[in-house]
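**Q**
2 protein chains.
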Amino acid sequence: MSKILREHIEKITSLTDEEFEFVLSHFSLKRFLKHQFLIQEGDFVNNDFFILNGLLKASHRNEENKEHILQFATENSWITDPQAYNNQTIATLNIQCLEDGNSLFITLENKEKLCSSLHKMESFFRKKTTKEHILLQRRVLCLISNNAKDRYEDLLKQYPSLIQRIPKTMIASYLGVSRETLSRLITN
Amino acid sequence: MSKILREHIEKITSLTDEEFEFVLSHFSLKRFLKHQFLIQEGDFVNNDFFILNGLLKASHRNEENKEHILQFATENSWITDPQAYNNQTIATLNIQCLEDGNSLFITLENKEKLCSSLHKMESFFRKKTTKEHILLQRRVLCLISNNAKDRYEDLLKQYPSLIQRIPKTMIASYLGVSRETLSRLITN
DNA sequence: GATAAATTGTGATAAAAGTCACACTAATTA
DNA sequence: TAATTAGTGTGACTTTTATCACAATTTATC
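Spelled out as structure tokens, the structure:
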């Protein structure tokens, strides 16, 4: 199953077998089940999760207990509470599983060690983060410039297959619209 | 003036004098004047700009020619069209100066060279990008969970002094609200 | 200092989106 | 398979926000 991680890294930086073994030694495997929390608000956040298969969401609950979804993660993507992970503080996000699956996770300590000892991996994480930054900027632009309908259509275009796996209520929460409004946008 | 860049980098990674000289040799100085474009939609994007002083905005114009502001950049921050810069494609954003100032810019080629030859700088850029990612995620959360008034107040709290230097029309564009609505939020 | 350009506030109205309530269906699970 | 639970659609209504228009003011420029 670790082949998935290797292929993921090698889309950016190629590795020798020895190097990949070394990289892998910094990760641990974690299975997860639907409804399970990988991170819960208030937890100390040690891990960044690379998802091998399955589906998860990262979300925040505001004072009125309304949930807002920041991210979905599926095979070949990473998920954590970045603020809490990188600053070694308490989580403000919840990361919860929507489908059973498996992940390889890495502690911040191990990530820093890995980056120090293998320049290629420092480069990998820099480039990966840069790509994520570009996607997030695109999402911000979509949020400030489009109405609910256009945001939904943009999402459909960007992740057509992912949408099929996610309840509309959660899509609405990701888009920043009420579920009723989204429902009317789709059927009309 | 390059001291500003050195202090900026050394908030994350310390450098020897020789190392900093080496880093600096990868940058060039560019002065800019109010109204000037550093990047215009359709340009080929070569440079990432580190701002020494002055004020700029990065924005996008949609089909209806409405402008939406993605970012403001001031002293000690970086600005470019990340999508175009990193993928070496044509700009979809405009970067325009709101106040005269100076910048140190680096081409993608030089950034990659620098990262390859000086591991510390690869680490610097990784950590800087991670911090930016955290801030962008915070902005996304704000956009999907707050109404116009709360978004404005959040911005005020986060960048109280910056707001003073920017016309309300542009603040509105950054928040994703019409200028009229923002005006009413502030006065009422 | 005069003129032009940019910025801002505000009224009237329209459009978009949110909220509450309820019924129906699909999916889980005991 | 019966009983819960989760997800969805839709009507009625309210609230928020956008749009258009115009006046006033501030700021830049010749």
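Protein chains in written order, with the numbering used here: chain A, 1 to 188; chain B, 1001 to 1188.
The beta-carbon is built from N, C-alpha and C at its ideal position, and this holds for glycine as well.
Are the C-beta of proline 1160 of chain B and some C-beta of chain A separated by less than 8 Å?
**A** Proline 1160 of chain B does not count as touching chain A.
**Q** Buried or exposed: where does serine 103 of chain A fall if 16 or more other Cβ atoms within 10 Å of its Cβ makes it buried?
**A** Classification for serine 103 of chain A: buried.
**Q** Buried or exposed, going by whether 16 or more other CB atoms sit within 10 Å of the CB of arginine 184 of chain A?
**A** With fewer than 16 other Cβ atoms within 10 Å, it is exposed.
**Q** Can you have a look at serine 1161 of chain B and say buried or exposed, based on whether 16 or more other CB atoms are within 10 angstroms of its CB?
**A** Its Cβ having fewer than 16 others within 10 Å, serine 1161 of chain B is exposed.
**Q** Does serine 117 of chain A get closer than 8 Å to chain B when you measure Cβ to Cβ?
**A** Answer no: the Cβ-Cβ gap between serine 117 of chain A and chain B never drops below 8 Å.
**Q** Please say whether leucine 175 of chain A and leucine 155 of chain A have beta carbons closer to each other than 8 Å?
**A** Yes; because the gap between Cβ atoms is below 8 Å, this pair is in contact.
**Q** Please work out which residues of its chain come closer than 8 Å, Cβ to Cβ, to isoleucine 1163 of chain B, disregarding the five sequence neighbours upstream and downstream, and give them in chain order.
**A** Excluding positions up to five away in sequence, the list reads Leu1155, Leu1156 and Ile1171.
**Q** Determine the chain B residues that contact threonine 169 of chain A at a beta-carbon separation under 8 Å, and present them in chain order.
**A** Within 8 Å Cβ-Cβ: nothing; threonine 169 of chain A doesn't reach chain B, min ~14 Å.
**Q** Indicate the three-state DSSP secondary structure (helix, strand or coil) for histidine 1060 of chain B in the structure shown.
**A** Strand at histidine 1060 of chain B.
**Q** With a 10 Å radius around its C-beta and 16 neighbouring C-beta atoms as the bar for buried, classify threonine 80 of chain A as buried or exposed.
**A** Buried, since its Cβ has 16 or more Cβ neighbours within 10 Å.
**Q** Let me check understanding here. Comparing Cα to Cα, which of A/Ile95, A/Ile90 and A/Leu52 lies closest to glutamate 7 of chain A?
**A** Residue A/Leu52 is the option with its Cα nearest to glutamate 7 of chain A.
**Q** Leaving out five residues on either side along the sequence, give the residues of the same chain with a beta carbon under 8 Å from the beta carbon of lysine 111 of chain A.
**A** The residues are His26, Asp48 and Phe125.
**Q** Which partner residues of glutamate 1067 of chain B appear in the DSSP bridge assignment?
**A** Per DSSP, B/Arg1061.
**Q** Once the 5 residues before and after methionine 1001 of chain B are set aside, which same chain residues still bring their CB inside 7 Å of it?
**A** Excluding residues within five positions, the ones whose Cβ falls inside 7 Å are Leu1052 and Asn1102.
**Q** Run the CB neighbour count on isoleucine 1090 of chain B, radius 10 Å, all protein chains shown included, and call it buried at 16 or more, exposed below.
**A** It counts as exposed.
**Q** What does DSSP give as the partner residues of glycine 1101 of chain B in its beta bridges?
**A** DSSP output for glycine 1101 of chain B lists B/Phe1032 as bridge partner(s).
**Q** Quick one: is glutamine 137 of chain A buried, meaning 16 or more other Cβ sit within 10 Å of its Cβ, or exposed?
**A** Per the 10 Å Cβ criterion, buried.
**Q** Starting from isoleucine 1039 of chain B and walking both ways along the beta strand (DSSP E), at which residues does that stretch end?
**A** Element bounds for isoleucine 1039 of chain B: 1037 to 1039.
**Q** Tell me the residue span of the alpha helix (DSSP H) that contains arginine 1184 of chain B.
**A** Its alpha helix (DSSP H) spans residues 1179 to 1187.
**Q** For arginine 61 of chain A, I'd like the list of residues in its chain whose CB is within less than 6 Å of its CB, leaving aside the five on either flank, ordered along the chain.
**A** Contacts found: Glu67.
**Q** Three-state secondary structure (DSSP) at alanine 1091 of chain B?
**A** Coil.
**Q** What do you get for arginine 151 of chain A, buried or exposed, if any count of 16 or more other CB atoms within 10 angstroms of its CB means buried?
**A** It is buried - the Cβ of arginine 151 of chain A has at least 16 other Cβ atoms within 10 Å.
**Q** Less than 8 Å between CB atoms is the rule here; does glutamate 153 of chain A satisfy it with respect to chain B?
**A** Not closer than 8 Å to any Cβ of chain B, the Cβ of glutamate 153 of chain A fails to qualify, so no.
**Q** With which residues is glutamine 1096 of chain B paired in a DSSP beta bridge?
**A** B/Phe1037 and B/Lys1057, per the DSSP bridge assignment.
**Q** Quick one: what does DSSP say leucine 118 of chain A is sitting in, helix, strand or coil?
**A** Coil.
**Q** Find the residues of chain A that neighbour valine 1045 of chain B, judging by a C-beta separation of less than 9 Å, and give them in chain order.
**A** Within 9 Å Cβ-Cβ: nothing; valine 1045 of chain B doesn't reach chain A, min ~12 Å.
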